[in-house]
Every structure is written in structure tokens, then in C-alpha cells.
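K.L.:
Please read through the structure below; I'll follow up with questions.
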Amino acid sequence: MRFFPEFQDYSVQSVKARLHYLIEEIDWRDCIHWDKYGNTGINMNYQNDDLRIKEINELLPPVALLEKFPATENAANTVAHARKAIHKILKGNDDRLLVVIGPCSIHDPAAAKEYAARLLALRDELQGELEIVMRVYFEKPRTTVGWKGLINDPHMDNSFQINDGLRIARKLLLDINDSGLPAAGEFLDMITPQYLADLMSWGAIGARTTESQVHRELASGLSCPVGFKNGTDGTIKVAIDAINAALKSPLTPSTAGAPHCFLSVTKWGHSAIVNTSGNGDCHIILRGGKAPNYS
1 MRFFPEFQDY SVQSVKARLH YLIEEIDWRD CIHWDKYGNT GINMNYQNDD
51 LRIKEINELL PPVALLEKFP ATENAANTVA HARKAIHKIL KGNDDRLLVV
101 IGPCSIHDPA AAKEYAARLL ALRDELQGEL EIVMRVYFEK PRTTVGWKGL
151 INDPHMDNSF QINDGLRIAR KLLLDINDSG LPAAGEFLDM ITPQYLADLM
201 SWGAIGARTT ESQVHRELAS GLSCPVGFKN GTDGTIKVAI DAINAALKSP
251 LTPSTAGAPH CFLSVTKWGH SAIVNTSGNG DCHIILRGGK APNYS
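Using the UniProt record's numbering, the first residue of the sequence shown is number 1, and each one after it goes up by one.
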């Protein structure tokens with residue numbers, strides 16, 4: 001088994017060298033001494049693991065994309081200022097209206113950038129009344145089956161080139177933010193945010209996942225404001241339960257406003273235990289239901 005080379009410091013050059021080694025030099029198959037049945041030399045009469053798994057492929061670590069597509073100063077400023085503005089609106093210190101607008105999902109980066117350029121002009125024109133943020137959704141939660149979004153299947157051919165999808169998604173987010181237009185996205189899992197969350201000014205937890213403990217935990221650690229949609233049946237209680245943004249007590253551990261401890265990954269892609277401080281910028285998104293939102 002081979003290990004990472006030793007480094008005496010954490011300079012940029014040292015980190016780049018380690019990153020190159022991680023991506024280019026290691027044959028991960030040399031690091032695993034299992035037989036074709038997943039055994040490690042211990043005699044077993046039954047194969048009980050991965051019975052329904054056809055294939056497992058390596059996922060690029062988040063640091064690989066952060067190194068390839070680092071946030072520019074303009075992009076970082078766009079995100080920071082938009083998050084601050086949204087925070088003020090949510091707290092009632094800014095009477096402008098937050099408008100998250102854009103396509104249902106992104107499938108064509110070129111079309112998305114054209115849309116962003118036009119929306120940026122409108123944002124500049126209406127900035128006194130509106131805080132406009134572009135909806136840039138790369139993942140699609142499905143009630144049944146269907147295309148799951150650009151990250152999951154970027155070429156829309158069932159090839160599921162997720163590494164390509166993450167590259168395309170981060171590059172597009174970087175271009176949009178670098179132009180001065182903040183972006184919003186929906187978060188579906190505990191891993192993708194490590195690749196993209198630094199370029200998101202606002203996040204959403206969808207109606208199908210608002211009641212999920214995992215997504216409440218995720219929202220509690222996101223650096224951006226997060227909106228929870230009311231349930232698919234139109235009720236809002238699950239969204240209210242998910243938020244309780246003002247409550248940061250251990251007596252309410254199921255809310256996104258409270259601190260949480262959960263499993264995720266580091267920027268290096270290693271499994272990790274994450275402790276959060278809670279997200280006080282959570283709120284409800286009314287998506288309609290059995291009656292209009294305003295009734």
C-alpha cells in the first residue's frame with residue numbers, strides 16, 4: 001500500500017503537490033486488498049455486502065475543483081454582499097423584496113450565462129426595490145423518476161458523469177458570480193455543498209426533503225440563508241418545525257436553527273464528523289398547496 005508523500009508545511013506549493021499526487025499518481029486499486037467478493041482474507045460463507053451495486057467509481061475530492069476553479073475576488077464579493085443583503089431583508093432591516101428567479105433547472109450552461117447577462121441588467125436597474133438572485137438549480141428531486149439534473153447526468157444520456165457535472169456546475173457558478181450576479185441553489189445531499197456552497201448566496205430545501213433530519217442538519221451548517229418549502233400536500237407545519245430559526249436551544253435539536261452534529265466529508269473528500277452552530281437565516285418558502293398561499 002502506498003501513502004501520501006510527507007510534507008513539511010502547508011504552503012500553496014505543498015498543497016498543490018499533494019493534490020497532484022492525490023489525483024494523478026495514486027492507483028487506488030493498489031490501496032485495497034480485497035478479493036472480488038469484497039473479502040479481506042477472512043473466510044466467509046456468505047457475501048452480504050453490495051449485493052445490488054453494479055459499480056463504484058471514485059469521486060473527485062472537493063479540493064480538486066476548488067483548486068481548478070477558485071473563487072475570484074469579484075465572485076467572493078458578490079456572494080458576501082448578497083448574503084448580507086438577504087440577511088437584512090429577512091430580519092426586517094431592509095424593506096426591499098428578495099426575488100429568486102430563473103429557470104426550473106440548468107441543462108445548458110451557455111443559455112444559462114445568456115440568461116444571467118440579461119438578468120444582471122435588470123438587477124442593476126431595480127436594485128433600489130429588489131434584491132434579485134438568479135435561480136441556478138443543478139439537481140432535481142423527483143417524486144417518481146426522471147432526469148436528476150446537470151450534476152447527476154450532465155450529458156443527458158444516462159452516462160452519469162458526475163465528476164463532469166460538478167466541474168460544469170462550479171465553472172458556471174463562478175462565471176455568474178464573477179459577473180456580479182448572485183446565485184441560488186437547492187441542496188439535496190451532504191457532499192455537493194463542499195464543491196459549490198461558497199458560490200451560493202441563498203439555498204433552498206425542497207418540499208420533498210424539508211421533513212428530512214439530514215437536510216435540517218445540512219441547513220444548520222450552510223453559510224448562506226436557507227429557505228424551507230412547505231410540504232407537497234400544502235401544509236406548512238413541517239416547514240415551521242424545520243426552521244424555528246430563532247431557537248438555538250438543545251431542547252430543539254431537530255430544527256435547522258439549532259446546532260447539529262452529523263456525518264459529511266472534508267474538502268479533501270475524507271469522511272468527517274461535522275459540528276455546526278446553527279443557521280439563524282432560515283425561513284419558509286410558500287410553494288402553494290390545496291389552496292393559494294394568500295388565502
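Heads up, the beta-carbon is just placed ideally off N, CA and C, and yes, glycines get one too.
#1: Kindly list the residues whose CB is nearer than 7 Å to the CB of G206, restricted to its own chain and excluding five residues on each side of it in sequence; keep chain order.
#2: For residue 296, which of E67, C282, Q127 and S271 has the nearest alpha-carbon?
#3: What runs of the beta strand (DSSP E), each 3 residues or longer, lie entirely inside the segment 161-186?
#4: Under a three-way DSSP split, which group does H87 fall into?
#5: Exposed or buried, which one is L97 when buried takes at least 16 other CB atoms within 10 Å?
#6: Return the CA-CA distance between A80 and L120, expressed in angstroms with no decimal places.
#7: Using the rule of at least 16 other Cβ atoms within 10 Å of the residue's Cβ for burial, across every protein chain shown, is H260 buried or exposed?
#8: Check whether the Cβ atoms of L174 and A75 lie closer than 7 Å to each other.
#9: Tell me the rounded alpha-carbon separation between I236 and L286.
#10: Could you give the residue range of the beta strand (DSSP E) that holds E211?
#11: Out of curiosity, what's the CA-to-CA distance linking A110 and A183?
#12: Suppose you measure from the CA of N45 to the CA of K54; what does that come to, to the nearest Å?
#13: Suppose you measure from the CA of G288 to the CA of T232; what does that come to, to the nearest Å?
#14: State yes or no: is the C-beta of V133 within less than 7 Å of the C-beta of W202?
P.N.:
Answer, in terms of the structure:
#1: Position 206 of the sequence shown, counted from the start, is the residue given in the question as residue 206. So the list reads P141, E186 and K229, once near-sequence residues are dropped.
#2: With the chain covering 1 to 295 only, the question about residue 296 has no answer from this structure.
#3: Counting only unbroken stretches of 3 or more residues, the beta strand (DSSP E) elements lying wholly within the segment 161-186 are 183-186, in sequence order.
#4: For the purposes of this step, residue 87 is taken as the residue at position 87 of the sequence shown. DSSP places H87 in the helix class (H, G or I) of the three-state scheme.
#5: As a first step, residue 97 is located in the sequence shown; it is residue number 97 there, counting from the start. Exposed.
#6: What you label residue 80 is simply residue 80 of the sequence shown in a count that begins at 1. What you label residue 120 is simply residue 120 of the sequence shown in a count that begins at 1. Across the structure, A80 and L120 are spaced so that their CA atoms are roughly 17 Å apart.
#7: Taking the sequence shown and counting its residues from 1, one reaches residue 260 at position 260. Of the other Cβ atoms in all chains shown, 16 or more fall within 10 Å of the Cβ of H260; this residue is therefore buried.
#8: Indexing the sequence shown from 1 puts residue 174 at position 174. Indexing the sequence shown from 1 puts residue 75 at position 75. Contact flag set, yes.
#9: Here residue 236 is taken as the residue at index 236 of the sequence shown, counted from 1. Here residue 286 is taken as the residue at index 286 of the sequence shown, counted from 1. Using only the alpha carbons, I get a separation of about 8 Å.
#10: Residue mapping note: residue 211 aligns to position 211 of the sequence shown, counting from 1. Per DSSP, E211 belongs to no beta strand (DSSP E) and is neither H nor E.
#11: Residue mapping note: residue 110 aligns to position 110 of the sequence shown, counting from 1. Residue mapping note: residue 183 aligns to position 183 of the sequence shown, counting from 1. Those two C-alpha atoms are separated by around 16 Å.
#12: Here residue 45 refers to the residue found at position 45 of the sequence shown. Here residue 54 refers to the residue found at position 54 of the sequence shown. For the pair N45 and K54, the Cα-to-Cα distance works out to about 21 Å.
#13: What you label residue 288 is simply residue 288 of the sequence shown in a count that begins at 1. What you label residue 232 is simply residue 232 of the sequence shown in a count that begins at 1. Near 8 Å, if we compare the C-alpha coordinates of T232 and G288.
#14: Translated into the one-based positions of the sequence shown, residue 133 becomes position 133. Translated into the one-based positions of the sequence shown, residue 202 becomes position 202. Going by beta carbons, V133 and W202 fall inside the 7 Å limit.
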